[in-house]
Amino acid sequence: MRTKQIFMMMVCCFIFFSCKKEKEESPACGISMDGLAGAYKLTKIQYKAPDSNDILDFMQFTEECEKDDIITLHSNGKYNYDDGGVVCEPSETDEGFWLLKDKTIMSDGRINGTVESYDCKTLVYYMKDVLVDGDKMTFTAERL
Numbered sequence: 615m616r617t618k619q620i621f622m623m624m625v626c627c628f629i630f631f632s633c634k635k636e637k638e639e640s641p642a643c644g645i646s647m648d649g650l651a652g653a654y655k656l657t658k659i660q661y662k663a664p665d666s667n668d669i670l671d672f673m674q675f676t677e678e679c680e681k682d683d684i685i686t687l688h689s690n691g692k693y694n695y696d697d698g699g700v701v702c703e704p705s706e707t708d709e710g711f712w713l714l715k716d717k718t719i720m721s722d723g724r725i726n727g728t729v730e731s732y733d734c735k736t737l738v739y740y741m742k743d744v745l746v747d748g749d750k751m752t753f754t755a756e757r758l
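For the sequence shown, the working numbering assigns the number 615 to the initial residue and increments by one for each residue that follows.
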């Protein structure tokens with residue numbers, strides 16, 4: 615009987631001490647400069663005119679050479695725009711500065727809008743009053 619108790623205690627100790635505790639990782643992404651930092655490819659542009667329920671696919675108006683471009687947001691406030699893959703004439707490679715205030719991305723050129731959603735992989739942001747008052751253009755970018 616005593617041997618059985620000792621054996622059970624040894625088994626319990628073995629199980630208890632052999633299991634590693636998993637490190638809890640803090641969420642590296644979120645709607646912040648650090649969280650949004652990364653390389654993105656624009657996959658969808660949708661346009662909704664005021665007083666209309668129809669959503670227009672605006673990617674169809676994008677040049678083929680622009681559909682594979684990559685924008686890289688750096689947490690230090692810089693961005694790079696790479697005219698990768700099919701190169702436009704003239705090349706549209708660019709760099710500049712960006713900032714996130716509340717949920718609004720502001721830059722000196724390539725990326726501007728209010729973040730609608732971000733799940734660490736897909737960034738959805740929009741701009742209002744782009745072509746006419748009351749319209750909305752929504753951009754979807756996939757993180758690479």
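From the three backbone atoms N, C-alpha and C, an ideal C-beta is built for every residue, glycine too.
Computed from a prediction, not measured in an experiment: that's the story for all the values here.
- Contact between the segment 684-702 and the segment 657-676 is absent, with fewer than three C-beta pairs closer than 8 angstroms.
- F753 and G727 do touch by the CB rule: their CB atoms are close to 6 angstroms apart, below 8 angstroms.
- Exposed is the label assigned to S666, since fewer than 16 other Cβ atoms lie within 10 Å of its Cβ.
- For L737, the uninterrupted beta strand (DSSP E) segment begins and ends at 736-742.
- Only residues of its own chain outside the window of five on either side were considered, and among them M751 have a CB closer than 6 angstroms to the CB of V744, listed in chain order.
- Beta-bridge annotation (DSSP): T676 is not paired with any residue.
- Of the candidates K735, T707, G748, D749, the residue whose Cα lies closest to the Cα of A651 is K735.
- Burial is judged here by how many other beta carbons sit within 10 angstroms of a residue's own beta carbon; S721 has at least 16 and is buried.
- Annotated three-state conformation of G644 is coil, per DSSP.
- Assignment of G649 by DSSP, reduced to helix, strand and coil, places it in the helix class.
- Straight through space, the alpha carbons of Y732 and T718 are spaced by roughly 13 angstroms.
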